[in-house]
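Peer 1: Before I ask anything, let me first share the structure, which is written out below as structure tokens.
Protein chains: 2
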Amino acid sequence: MQAAAHTTPVQFVPRTAIAARGAAPLATNCSACHLKELCLPCGLPGEDVERLDQLRFARRRVKQGEALYQAGEKFGSIHAVRSGTFKTVLTLRDGRQQVTGFHMAGEMMGMDGLATGRHASAAEALEDCEVCVVPYAHLTQLAASNSSLQHVVGRLMSREIVREHSLMLLLGSMNAEERLAAFLVNISQRLQARGYSATEFHLRMMRSEIGSYLGLKLETVSRTFSLFQSMGLLAVDKKHVRILDMERLSSTIEARVH
Amino acid sequence: MQAAAHTTPVQFVPRTAIAARGAAPLATNCSACHLKELCLPCGLPGEDVERLDQLRFARRRVKQGEALYQAGEKFGSIHAVRSGTFKTVLTLRDGRQQVTGFHMAGEMMGMDGLATGRHASAAEALEDCEVCVVPYAHLTQLAASNSSLQHVVGRLMSREIVREHSLMLLLGSMNAEERLAAFLVNISQRLQARGYSATEFHLRMMRSEIGSYLGLKLETVSRTFSLFQSMGLLAVDKKHVRILDMERLSSTIEARVH
DNA sequence: CGCGAAATTGATATCGATCAATCCCGGTGG
DNA sequence: CCACCGGGATTGATCGATATCAATTTCGCG
Numbered sequence: 001m002q003a004a005a006h007t008t009p010v011q012f013v014p015r016t017a018i019a020a021r022g023a024a025p026l027a028t029n030c031s032a033c034h035l036k037e038l039c040l041p042c043g044l045p046g047e048d049v050e051r052l053d054q055l056r057f058a059r060r061r062v063k064q065g066e067a068l069y070q071a072g073e074k075f076g077s078i079h080a081v082r083s084g085t086f087k088t089v090l091t092l093r094d095g096r097q098q099v100t101g102f103h104m105a106g107e108m109m110g111m112d113g114l115a116t117g118r119h120a121s122a123a124e125a126l127e128d129c130e131v132c133v134v135p136y137a138h139l140t141q142l143a144a145s146n147s148s149l150q151h152v153v154g155r156l157m158s159r160e161i162v163r164e165h166s167l168m169l170l171l172g173s174m175n176a177e178e179r180l181a182a183f184l185v186n187i188s189q190r191l192q193a194r195g196y197s198a199t200e201f202h203l204r205m206m207r208s209e210i211g212s213y214l215g216l217k218l219e220t221v222s223r224t225f226s227l228f229q230s231m232g233l234l235a236v237d238k239k240h241v242r243i244l245d246m247e248r249l250s251s252t253i254e255a256r257v258h
Numbered sequence: 001m002q003a004a005a006h007t008t009p010v011q012f013v014p015r016t017a018i019a020a021r022g023a024a025p026l027a028t029n030c031s032a033c034h035l036k037e038l039c040l041p042c043g044l045p046g047e048d049v050e051r052l053d054q055l056r057f058a059r060r061r062v063k064q065g066e067a068l069y070q071a072g073e074k075f076g077s078i079h080a081v082r083s084g085t086f087k088t089v090l091t092l093r094d095g096r097q098q099v100t101g102f103h104m105a106g107e108m109m110g111m112d113g114l115a116t117g118r119h120a121s122a123a124e125a126l127e128d129c130e131v132c133v134v135p136y137a138h139l140t141q142l143a144a145s146n147s148s149l150q151h152v153v154g155r156l157m158s159r160e161i162v163r164e165h166s167l168m169l170l171l172g173s174m175n176a177e178e179r180l181a182a183f184l185v186n187i188s189q190r191l192q193a194r195g196y197s198a199t200e201f202h203l204r205m206m207r208s209e210i211g212s213y214l215g216l217k218l219e220t221v222s223r224t225f226s227l228f229q230s231m232g233l234l235a236v237d238k239k240h241v242r243i244l245d246m247e248r249l250s251s252t253i254e255a256r257v258h
């Protein structure tokens with residue numbers, strides 16, 4: 001409503017306004033958000049969270065299968081997941097794809113675009129989602145006058161680097177069982193941090209997407225699920241997973257001394 | 001000289017001063033540095049580079065085989081390579097290692113430490129090296145009053161994310177030939193950007209380190225070198241490499257449609 | 001000169017990829 | 001309401017790339 005979209009042609013409207021095309025022209029502030037412990041303001045003292053409210057983030061809905069942003073698209077904002085799950089995907093010119101991450105509520109996406117001014121990867125919704133649109137320029141502007149916010153932004157990017165580190169370790173030196181175990185333990189922990197069950201959940205992604213993420217083929221992912229089930233670690237029914245023996249599942253990751 | 005080390009006990013002295021323990025108490029500024037086009041000030045207009053000179057970076061020498069920082073060590077500074085080559089290494093509790101990067105003159109290391117306040121990886125010198133020590137707190141302090149420097153820091157971290165992206169793609173979806181070709185082309189380009197020959201160079205790392213980086217065993221790396229040689233792409237003699245057919249070498253990376 | 005570390009090369013084993021068949025389930029239209 | 005359809009998942013059989021094990025060579029260095 002209070003957003004721009006009056007007369008300006010769409011292609012010149014900043015991302016915040018583009019978001020406003022959707023059903024949610026509502027702006028959001030951090031201090032009232034139920035995700036504030038996980039999301040952007042994580043670690044920020046109360047008064048600084050309130051300063052963050054100066055940026056009233058536009059929300060944007062993204063339906064299942066739709067892209068939040070495409071690879072090559074101009075970078076202007078980072079995005080915080082409010083609800084739903086995204087995958088981020090890198091594509092090689094020959095069409096090969098690599099899923100570089102799955103992102104759930106409270107997690108930030110799109111920091112890769114800052115390097116070149118264009119997004120290196122695409123973000124696609126695995127279910128109907130909603131995000132906060134955080135214009136990067138506004139964020140840095142506010143950060144300039146607030147050192148703790150500045151640190152939060154830095155930490156945010158650093159966390160992404162560390163996350164990718166551990167994925168590299170996984171891809172470079174783990175076998176199929178360790179990879180899937182690491183994946184499941186990671187999902188479990190993140191769901192738990194969001195107040196969901198750590199042992200029983202619904203996977204939002206297909207076998208082929210898990211495979212791409214883990215550097216395995218979908219058949220191998222499926223077989224490894226079956227193996228874990230036969231070992232009594234999991235009860236699996238398609239996308240529904242119940243962890244029966246978290247202890248042993250976790251230990252898989254470091255057991256094999258190879 | 002103008003640095004702190006008067007009376008304060010070593011453990012309370014910031015990293016800059018610790019560096020000064022070495023043989024090079026010399027401080028350095030960016031505007032006079034021959035690496036300014038590649039390094040931290042890259043993309044910064046001249047007057048801002050001069051502002052960067054307010055931070056007079058301590059230098060630190062690191063001998064071959066020594067660690068610049070260890071995994072788990074407190075994070076305080078990022079490091080810019082002045083000369084020599086480093087590798088960064090992640091270690092799993094069971095001892096398995098993954099080389100996450102090789103770093104040459106003008107490249108920054110250590111941004112992974114910001115996330116938790118401790119370095120996630122270790123940095124080890126592959127030859128005798130020298131670095132600039134950039135205290136992170138000083139950097140952000142200066143960045144607060146200078147938006148273009150703020151952007152440079154952000155871009156720096158983002159570039160690291162993108163770099164890791166492409167390594168993930170390599171580890172997740174390329175075969176041995178493609179991996180080694182990608183590695184060689186990348187090294188070649190970075191050497192060229194530093195004014196060295198793009199087609200003939202001396203690798204600073206061992207086969208096992210290349211293997212760890214590429215997610216291959218050292219024997220596979222060696223065999224693939226031999227294969228490339230027999231294909232007429234390379235002339236290899238241990239660590240000395242001459243690229244004979246850059247065209248075909250580059251095309252290996254995307255040829256295989258698999 | 002001899003030692004040890006790195007690299008190369010060969011033989012074989014193994015894990016995950018590939019190809020293929022089948023199953024399962026939700027949605028759709030007759 | 002049921003049959004059909006299609007996408008996703010599972011499972012089996014086989015193949016192939018890379019790991020593993022082992023022997024040898026090369027080189028730098030004391």
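Line order of the protein sequences matches chains A and B. Under the UniProt record's numbering, the residues of the first sequence are numbered 1 to 258, in order. Under the UniProt record's numbering, the residues of the second sequence are numbered 1 to 258, in order. Ideal Cβ placement from N, Cα and C applies to all residues, glycine included. Note that this is a predicted model, so its numbers are computed, not measured.
1) Taking M111(A) as the query, report the chain B residues whose CB atoms sit under 8 Å from its CB, ordered along the chain.
2) If the cut is a Cβ gap below 7 Å, which residues of chain B does M246(A) touch?
3) Against residue 262(B), what residues of chain A qualify as contacts under a CB-to-CB distance less than 7 Å, listed in chain order?
4) By DSSP's criteria, C39(A) is part of a beta bridge. Which residues make up the other side?
5) Nearest-angstrom Cα distance between Y213(B) and C42(A)?
6) Residue range of the beta strand (DSSP E) that G46(B) falls in?
7) Mark G101(B) as exposed unless 16 or more other C-beta atoms lie within 10 angstroms of its C-beta, in which case mark it buried.
8) Quick one: which chain B residues come within Cβ less than 8 Å of M208(A)?
9) Would you say S222(A) lies against chain B (beta-carbon separation less than 8 Å)?
10) Am I right that A71(A) and A122(A) are in contact with their C-beta atoms under 8 Å? What's the rounded C-beta distance?
11) When we look at the beta-carbon of A32(A) and count the other beta-carbons within 10 Å, is it buried (16 or more) or exposed?
12) Excluding the five sequence neighbours on either side, which residues of its own chain have a C-beta within less than 8 Å of the C-beta of G117(B), listed in chain order?
13) Please report how far the alpha carbon of R51(A) lies from the alpha carbon of F57(B), in whole angstroms.
14) Please classify E130(B): does DSSP put it in a helix, a strand, or coil?
15) According to DSSP, which residues form a beta bridge with L180(A)?
16) For the beta strand (DSSP E) that H119(A) lies in, which residues bound it at each end?
17) Roughly how many angstroms separate the alpha carbons of H240(A) and L184(A), rounded to a whole number?
18) Quick one: what's V81(B) bridged to in DSSP?
19) Under a three-way DSSP split, which group does F225(B) fall into?
20) Determine the direct distance from the alpha carbon of A181(A) to that of G215(B), and round the result to whole angstroms.
21) When the Cα of Q97(A) is compared with those of L44(A), M109(A), I210(A), A80(A), which residue comes out closest?
22) Spell out the partners DSSP gives A58(A) in its beta bridges.
23) In the DSSP output, which residue or residues are listed as bridge partners for A125(A)?
24) Return the residues of the segment 54 to 69 of chain A that lie within a Cβ-Cβ distance of less than 7 Å from chain B, sorted by chain order.
25) Taking R163(A) as the reference, which of R207(B), A120(B), R59(B), A105(B) has the closest Cα?
26) Would you mind stating whether E127(B) and G84(B) have Cβ atoms separated by less than 8 Å?
27) Quick one: Cα of G204(A) to Cα of G113(B), how far?
28) Out of curiosity, what's the CA-to-CA distance linking C129(A) and I187(A)?
29) Counting only Cβ pairs nearer than 7 Å, list the residues of chain B close to A120(A).
30) Pop quiz: H165(A) and L90(B) are said to be a contact at Cβ under 8 Å. What is the actual Cβ separation, rounded to whole angstroms?
31) Report back the beta-carbon spacing between M108(B) and H79(B) to the nearest angstrom; my notes put them in contact at under 8 Å.
32) Expressed to the nearest angstrom, what Euclidean distance is found between the alpha-carbon atoms of R155(A) and G232(B)?
33) Look at the alpha carbon of D245(A) and the alpha carbon of R159(A), and state the distance between them as a whole number of angstroms.
34) Pick from S250(B), D53(B), L35(B): whose alpha carbon is nearest that of A27(B)?
35) Got a sec: is the Cβ-Cβ distance from G215(B) to anything in chain A below 8 Å?
36) Under 7 Å, CB to CB, which of the residues in the segment 97 to 109 of chain B have a partner in chain A?
Peer 2: Quick answer:
1) M157, S158, I161
2) Neighbours of M246(A) on chain B: none; closest Cβ ~18 Å, over 7 Å.
3) A question about residue 262(B) goes unanswered here, because the residues of chain B that appear run from 1 up to 258.
4) Bridge partners of C39(A): none, in fact.
5) 33 Å
6) Premise fails: G46(B) lies in the alpha helix (DSSP H), 46 to 52, not in any beta strand (DSSP E).
7) buried
8) Per the sequence shown, the amino acid found at residue 208(A) is Ser instead of Met. Those within 8 Å of S208(A) in chain B number zero; the least Cβ separation is about 13 Å.
9) no
10) 5 Å
11) exposed
12) K74, F75
13) 33 Å
14) strand
15) Looking at the DSSP assignment, L180(A) forms no beta bridge with any residue, so it has no partner.
16) Per DSSP, H119(A) belongs to no beta strand (DSSP E) and is neither H nor E.
17) 12 Å
18) V131(B)
19) helix
20) 19 Å
21) I210(A)
22) A27(A), V133(A)
23) F86(A)
24) none
25) A120(B)
26) yes
27) This sequence places Arg at residue 204(A); Gly is not what is there. R204(A) and G113(B): Cα-Cα distance of roughly 31 Å.
28) 18 Å
29) V162, H165
30) 6 Å
31) 7 Å
32) 47 Å
33) 29 Å
34) D53(B)
35) yes
36) Q98, T100
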